[in-house]
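Residue numbers for the sequence shown follow my numbering, so the first one is 26 and each next one is one higher.
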Amino acid sequence: MDDMTTFSVTLHSAIADIGRDAWDAVRPDANPFTSYDFLHALEASRSIDPRAGWQATHLALRDGDTVAGVMPLYVKSHSMGEYVFDQGWARAYEQAGGDYYPKLLSAVPFTPVTGARLLAKDAATRRALVDAAVRICDTNRLSSLHINFPLEDEWQVMGEQGLLLRQDQQFWFDNPGYASFDDFLAQLSSNRRKVIRRERRDVQALLDFKIVTGNDIEERHLDD
Numbered sequence: 026m027d028d029m030t031t032f033s034v035t036l037h038s039a040i041a042d043i044g045r046d047a048w049d050a051v052r053p054d055a056n057p058f059t060s061y062d063f064l065h066a067l068e069a070s071r072s073i074d075p076r077a078g079w080q081a082t083h084l085a086l087r088d089g090d091t092v093a094g095v096m097p098l099y100v101k102s103h104s105m106g107e108y109v110f111d112q113g114w115a116r117a118y119e120q121a122g123g124d125y126y127p128k129l130l131s132a133v134p135f136t137p138v139t140g141a142r143l144l145a146k147d148a149a150t151r152r153a154l155v156d157a158a159v160r161i162c163d164t165n166r167l168s169s170l171h172i173n174f175p176l177e178d179e180w181q182v183m184g185e186q187g188l189l190l191r192q193d194q195q196f197w198f199d200n201p202g203y204a205s206f207d208d209f210l211a212q213l214s215s216n217r218r219k220v221i222r223r224e225r226r227d228v229q230a231l232l233d234f235k236i237v238t239g240n241d242i243e244e245r246h247l248d249d
């Protein structure tokens, strides 16, 4: 059965067009990086901006007047800020005569953290989100759909729907209970502690931090 038959599909160039209540209502968990407030902050601050190669194109599925599922989507003109390095694919694609960019990306910008990308409460709606994203690529002549750092069950759904699956590895620091950096150093040998402290002093001597906020931010600060 086509999971799209019961939904209408809309695309939004700003998450505000969907709204906080509707967006957060379909989030399957409390991951802060997929919250309305976090993603809206990226847009409001212009960290995400078409001029920077990130065009918000968020997908919403509606059942009547109710938002049943959403998917954070961006049309990208480059591969920066993703923490997945597909530039080799881009070169090969273009050497074969294709245009790799623009491409369609579902991810949390600048944040390589695993989390939900198919924001919905049930499996049928999650499948419908994948179907809709694929169709968006086809109808808008986007080279490909990329979904970075999804949950494992979402990853399996994507494979079942014909998407190519990619596996990689990340290195995570699992804090065993350190309350400070000195606690961490205490677990090392005396010689290693001395080396690390000396390296940190050397770097600190070269740095001078100045915090500028609000109206005190001038054009020269941005240029630097």
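Don't be surprised by glycine CBs; every beta carbon is placed ideally from N, CA and C. As the structure is a computational prediction, the values presented were derived from the model and not from experiment.
Does DSSP classify residue i as helix, strand or coil?
i, result
"Asp88", "strand"
"Ser215", "helix"
"Met183", "helix"
"Gln80", "strand"
"Ala132", "coil"
"Ile242", "coil"
"Leu64", "helix"
"Gly202", "coil"
"Thr35", "strand"
"Tyr108", "coil"
"Ala148", "helix"
Do residue i and residue j have their CB atoms nearer than 8 Å?
i, j, result
"Asn173", "Ala132", "yes"
"Ile43", "Ala93", "no"
"His83", "Leu130", "no"
"Arg160", "Val182", "no"
"Pro134", "Gln195", "no"
"Ala77", "Ile40", "no"
"Ala117", "Ser104", "no"
Suppose the cutoff is 6 Å on Cβ atoms and the five residues either side in sequence are ignored; what does the same chain contact list for residue i look like?
i, result
"Arg87", "Ser33"
"Leu190", "Gly184"
Looking only at its own chain, which residues have a Cβ that is under 7 Å from the Cβ of residue i, when we skip the five neighbours before and after it?
i, result
"Lys128", "Lys101, Leu167, Ser168, Ser169 and His171"
"Ala230", "none"
"Lys146", "Val51 and Pro53"
"Tyr203", "Phe209"
Apply the 10 Å Cβ neighbour rule to residue i and answer buried if 16 or more other Cβ atoms are within range, or exposed otherwise.
i, result
"Tyr61", "buried"
"Ile242", "exposed"
"Gly140", "buried"
"His66", "The identity of residue 66 in the sequence shown is Ala, whereas the question assumes His. Flag for Ala66 reads exposed."
"Met96", "buried"
"Leu144", "buried"
"Thr5", "Because the chain is modelled from 26 through 249, residue 5 falls outside the range shown and cannot be assessed."
"Glu224", "exposed"
"Gly239", "exposed"
Does the structure place the segment 147 to 156 close enough to the segment 186 to 193 that three or more beta carbon pairs sit under 8 Å?
yes
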